[in-house]
Amino acid sequence: MKSITLKGRSASKGIAEGEALLTYDALSFLSDISVTEGIITSPQSKFKGQSVSDKILIFPTGRGSTADPYGFYMLKKAGKAPAAVINIDANPTTVAGAIISHTPMVYKLERNPLEVIEAGDHVLVDGNKGVVIITKQVT
Amino acid sequence: MKLTADEERMLAGESGPGVQRALELLIAIGEAYEAEKLIDISSSHILSPEMQFWNTGQLSRWARELVAESVEGATHFRVPVTINPIFLEPAIAERLGYPESYIEEMSQSLASGRETYARLGVIPTYTCCPFYIHPLRQGEHSGGAESLVVLFNNSVLGVRVNRESGPTALATALTGKTPLYGMHLPENRHGQALVELKDDLDPGAFTYADYNALSYGVGKMVVDKIPIFLGLPPNMSITQLKYLCAPLGVSAGIPMFHAVGITPEAPTVEVALGGKKPETTIEVGRKEIDQAFAELCSATDSSIDYVFLGCPHVTITEMDEIARLLQGKRVKSDVLLIIGTTEPLRLLARQMGLVDIIENSGGMVVSGMCSAGSFLRRGVPQGFHVGVVATNAAKAAHYLKAGGVQVWFGTMPQCINAAVTGKWGDA
C-alpha cells in the first residue's frame with residue numbers, strides 16, 4: 064500500500080487516525096451537522112446523511128458563527144465527533160472548536176488534501192507536528 | 058509567536074488551568090491568522106452558552122461543563138467584561154404556559170451561570186448593547202463576540218475588535234489578550250464596496266424598519282466586503298445606528314462598515330477607501346428596500362400572538378416612543394407584547410413613568426433577555442407553539458423565519474397596532 068506524508072500547520076494538538084470522509088463545501092458544525100448524532104444534515108450537501116463520527120473529516124474551511132465551536136464540543140460530548148479534522152484554510156471558529164474538543168486539527172498542507180486524499184483512505188493526523196500520513200486503500 | 062513574560066507565565070499555568078487553556082486557544086487562533094503577537098485589550102464582551110443558547114437538557118449540562126472547564130482556577134477577569142443577554146426569563150416562560158419542570162430546570166441553569174460570571178467580576182449588563190452602559194473610545198482594542206457589538210464598536214465608535222467566537226471571547230476576558238490580526242490592524246479596516254442610495258429614497262425620513270431593511274439587504278449584496286454607505290444623514294441617532302448595524306450581522310459575515318460622515322474613520326469616502334478604488338458599487342433604491350421587507354416576512358396568517366420590540370435592546374428614546382403609541386390603548390388580551398432592554402434602562406424608564414404606561418396597556422418590559430434571537434429560535438419546548446410573531450427587527454425576523462416561525466416584519470407603529478388589534482396590517 065502506498066503511503067504519502069504531507070506537512071502542514073497544526074491548529075489543535077493530539078494524534079488520531081481513521082477513515083477519510085471528504086466534503087467539498089464550507090462546513091458549520093452547528094448548522095450542517097446534527098450535534099447529538101454526528102450526521103451531516105445540510106440539505107445542499109451531497110454527503111447528507113453520512114456520519115462524521117470517528118472519521119478524519121476533510122473540508123475546505125469552516126463557515127462558523129459565534130456559537131459554532133460549541134457545536135463541535137457538543138459532538139465530542141455526544142461521542143460523535145470526528146477523530147481529527149483537516150482543512151485547506153483554517154477558520155478561527157473551527158480552530159476554537161477543535162481545541163476545546165481536544166481533537167487534532169491540521170491545515171495549510173503542502174498539497175490540497177481534497178485532491179490527494181480519497182474517501183476511504185486511512186489517514187493519520189499528527190496535530191503535534193502538523194503532519195498527515197495517508198495510506199491509500201487502492202493498489 | 059512572540060510572547061511577553063506575562064503571557065509565558067499564563068501559558069505555564071501560573072494563573073490556573075483555565076487561563077492556561079485560554080492563552081493556548083488565543084495563540085492557536087493567532088497562528089491561523091499569522092498574527093505576530095498578542096496585544097493587550099481594554100475590555101471584552103462575552104456570551105454564555107449555558108444561559109443564551111442551551112438552557113435545558115443534556116446540551117445545557119454539556120455547556121455548563123465546558124464553561125466550568127474554561128474558567129477552572131480563574132479568580133477574576135483581567136479586563137472589564139460585559140455579557141450578552143440570557144435566553145428567556147422564567148417569568149415570561151410562565152406567562153407563555155411552559156411546563157413547570159422546564160422552567161425549574163431553566164432557572165437552575167440561569168442561577169448557575171449568573172453565579173459563575175459574577176464570581177469572575179462580570180458587569181452584569183445582559184445586553185447585546187453594552188455600549189449603552191460601558192462605552193469604549195476610538196482606537197481602543199477590545200475582545201469579544203456578538204456580531205452587533207462588533208459592528209457597532211468598529212463602525213460607530215471606532216473601536217478595534219474582531220468577530221470572535223464564544224469560546225475565544227471568554228479567553229480574551231480571562232487573559233486580557235487577543236491576537237493581533239484582522240480589525241486590529243488599520244490596513245484591514247478600509248471600505249471595499251460603495252453603497253449609493255438612489256433618488257427615490259429619502260433617508261431623512263427612514264423609519265427604524267427602513268434602516269433594518271437597508272442593512273439586511275446591503276448585507277446580502279456585499280457578503281464579505283466592507284460596505285461604505287453614502288448619503289446617510291450625518292445626525293443619525295444611536296437608535297437608528299444600532300438598527301443599521303444589527304441586520305448586517307446576520308445577512309453578511311462582516312465585522313465593520315463605514316458610513317461617510319458618521320464612522321470616525323470615514324470623514325470622506327476617500328479616507329474610508331484608504332486611497333484605493335472601490336471593488337464594487339451597489340445601488341439601493343425603494344425596490345431593494347421593499348424586497349428586504351418582503352424577504353423578512355414568512356407569515357401568512359394575519360392573526361398575531363406575539364409582538365416583540367427590542368432587537369437590539371430598545372433605547373430610552375424608543376421606550377418613550379412605544380409608550381406614546383400605547384398611551385390610552387389596550388393590548389388585545391390574547392396577544393403578548395414584549396419590549397426588551399437592559400436592566401439600567403428599564404429602571405430609568407420606570408422612573409420616567411414609561412414602564413407604567415406600557416404595563417397599564419397590557420405590555421411587558423423585560424430586561425436582560427434575547428427574546429427573538431435566542432428563545433424563540435431554540436428555547437421553545439418540543440411541541441409548544443409560540444404562534445405568529447410581529448417585530449420591527451430584521452435580525453429577529455431573520456432568525457425566526459429560519460426557525461420556521463411565522464413572522465411579520467414592519468414598522469414600530471405597525472407592530473404596536475398589531476398588539477392592540479391582534480391583526481397585522483390594519484395600520
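As you go down the protein sequences, you meet chains P and R in turn. Here the first sequence is numbered in our numbering, starting from 64 and rising by one per residue. Here the second sequence is numbered in our numbering, starting from 58 and rising by one per residue. We treat Cβ as the ideally placed atom computed from N, Cα and C, and that holds for glycine. Being a predicted model, the structure only gives us computed values, none of them experimental.
Which residue marks the beginning of the beta strand (DSSP E) containing residue i, and which one marks its end?
{"i": "residue 363 (chain R)", "result": "363–366"}
{"i": "residue 131 (chain P)", "result": "It is not in any beta strand (DSSP E) - residue 131 (chain P) instead sits in the alpha helix (DSSP H) that spans 131–140."}
{"i": "residue 100 (chain P)", "result": "Where residue 100 (chain P) is concerned, there is no enclosing beta strand (DSSP E), given that its DSSP letter is neither H nor E."}
{"i": "residue 59 (chain R)", "result": "Neither: residue 59 (chain R) is in no beta strand (DSSP E) and is coded neither H nor E."}
{"i": "residue 82 (chain P)", "result": "78–85"}
{"i": "residue 276 (chain R)", "result": "No beta strand (DSSP E) contains residue 276 (chain R), which is instead part of the alpha helix (DSSP H) from 265–279."}
{"i": "residue 201 (chain R)", "result": "199–201"}
{"i": "residue 216 (chain R)", "result": "It is not in any beta strand (DSSP E) - residue 216 (chain R) carries neither H nor E in the DSSP assignment."}
{"i": "residue 97 (chain R)", "result": "95–97"}
Of all the options the options, which has the alpha carbon lying nearest to the alpha carbon of residue i?
{"i": "residue 164 (chain P)", "options": "P:137, P:179, P:113, P:106", "result": "P:137"}
{"i": "residue 335 (chain R)", "options": "R:342, R:327, R:187", "result": "R:327"}
{"i": "residue 104 (chain R)", "options": "R:134, R:93, R:142, R:356", "result": "R:142"}
{"i": "residue 323 (chain R)", "options": "R:285, R:302, R:306, R:298", "result": "R:285"}
{"i": "residue 222 (chain R)", "options": "P:93, P:147, P:183, P:188", "result": "P:93"}
{"i": "residue 130 (chain P)", "options": "R:131, R:107, R:349", "result": "R:107"}
{"i": "residue 150 (chain P)", "options": "P:114, P:77, P:171", "result": "P:171"}
{"i": "residue 77 (chain R)", "options": "R:230, R:348, R:414, R:237", "result": "R:230"}
{"i": "residue 416 (chain R)", "options": "R:396, R:307, R:401", "result": "R:396"}
{"i": "residue 185 (chain P)", "options": "P:175, P:140, P:197", "result": "P:197"}
{"i": "residue 110 (chain R)", "options": "R:238, R:280, R:367, R:166", "result": "R:166"}
{"i": "residue 303 (chain R)", "options": "R:363, R:87, R:212", "result": "R:212"}
{"i": "residue 465 (chain R)", "options": "R:354, R:178, R:268, R:112", "result": "R:354"}
{"i": "residue 344 (chain R)", "options": "R:257, R:389, R:171, R:102", "result": "R:257"}
{"i": "residue 208 (chain R)", "options": "R:470, R:405, R:309", "result": "R:309"}
{"i": "residue 268 (chain R)", "options": "R:290, R:474, R:411", "result": "R:290"}
{"i": "residue 423 (chain R)", "options": "R:390, R:99, R:368, R:454", "result": "R:368"}
{"i": "residue 420 (chain R)", "options": "R:386, R:453, R:276", "result": "R:386"}
{"i": "residue 454 (chain R)", "options": "R:362, R:356, R:375", "result": "R:356"}
At the 8 angstroms Cβ level, is residue i part of the contact set with chain P, yes or no?
{"i": "residue 69 (chain R)", "result": "no"}
{"i": "residue 119 (chain R)", "result": "yes"}
{"i": "residue 224 (chain R)", "result": "yes"}
{"i": "residue 312 (chain R)", "result": "no"}
{"i": "residue 64 (chain R)", "result": "no"}
{"i": "residue 81 (chain R)", "result": "yes"}
{"i": "residue 75 (chain R)", "result": "no"}
{"i": "residue 329 (chain R)", "result": "no"}
{"i": "residue 106 (chain R)", "result": "yes"}
{"i": "residue 242 (chain R)", "result": "no"}
{"i": "residue 144 (chain R)", "result": "no"}
{"i": "residue 230 (chain R)", "result": "no"}
If you measure from the beta carbon of residue i to each beta carbon in chain R, is any gap under 8 angstroms?
{"i": "residue 143 (chain P)", "result": "no"}
{"i": "residue 155 (chain P)", "result": "yes"}
{"i": "residue 132 (chain P)", "result": "yes"}
{"i": "residue 75 (chain P)", "result": "yes"}
{"i": "residue 140 (chain P)", "result": "yes"}
{"i": "residue 119 (chain P)", "result": "no"}
{"i": "residue 87 (chain P)", "result": "no"}
{"i": "residue 159 (chain P)", "result": "yes"}
{"i": "residue 127 (chain P)", "result": "yes"}
{"i": "residue 64 (chain P)", "result": "no"}
{"i": "residue 162 (chain P)", "result": "yes"}
Pop quiz: residue i and residue j are said to be a contact at Cβ under 8 angstroms. What is the actual Cβ separation, rounded to whole angstroms?
{"i": "residue 104 (chain P)", "j": "residue 96 (chain P)", "result": "6 angstroms"}
{"i": "residue 92 (chain R)", "j": "residue 58 (chain R)", "result": "7 angstroms"}
{"i": "residue 195 (chain P)", "j": "residue 69 (chain P)", "result": "5 angstroms"}
{"i": "residue 371 (chain R)", "j": "residue 337 (chain R)", "result": "Between residue 337 (chain R) and residue 371 (chain R) the Cβ distance is about 34 angstroms, and since that is not below 8 angstroms, they are no contact."}
{"i": "residue 216 (chain R)", "j": "residue 249 (chain R)", "result": "That belief does not hold up - the Cβ atoms of residue 216 (chain R) and residue 249 (chain R) are roughly 20 angstroms apart, past 8 angstroms."}
{"i": "residue 199 (chain R)", "j": "residue 218 (chain R)", "result": "4 angstroms"}
{"i": "residue 166 (chain P)", "j": "residue 71 (chain P)", "result": "16 angstroms between Cβ atoms; not a contact."}
Hey, quick one: how far does the alpha helix (DSSP H) through residue i stretch, first residue to last?
{"i": "residue 308 (chain R)", "result": "305–308"}
{"i": "residue 413 (chain R)", "result": "411–417"}
{"i": "residue 65 (chain R)", "result": "62–68"}
{"i": "residue 119 (chain R)", "result": "114–127"}
{"i": "residue 469 (chain R)", "result": "469–478"}
{"i": "residue 293 (chain R)", "result": "Premise fails: residue 293 (chain R) is in no alpha helix (DSSP H) and is neither H nor E."}
{"i": "residue 176 (chain R)", "result": "157–176"}
{"i": "residue 426 (chain R)", "result": "Per DSSP, residue 426 (chain R) belongs to no alpha helix (DSSP H) and is neither H nor E."}
{"i": "residue 454 (chain R)", "result": "451–459"}
{"i": "residue 153 (chain R)", "result": "No alpha helix (DSSP H) holds residue 153 (chain R); DSSP gives it neither H nor E."}
{"i": "residue 184 (chain R)", "result": "That residue, residue 184 (chain R), is in no alpha helix (DSSP H); it is neither H nor E in DSSP."}
{"i": "residue 87 (chain R)", "result": "74–89"}
Give a yes or no on whether 8 angstroms exceeds the smallest Cβ distance from residue i to chain A.
{"i": "residue 110 (chain R)", "result": "This model lacks chain A altogether; the protein chains it does include are P and R."}
Selection of the stretch 203–221 of chain R by Cβ proximity to chain P, strictly under 8 angstroms
Answer set for the stretch 203–221 of chain R: 203, 204, 220, 221.
Output needed in chain order: residues of the stretch 151–170 of chain R with a Cβ under 8 angstroms from some Cβ in chain P.
Correct list: empty, as no residue qualifies.
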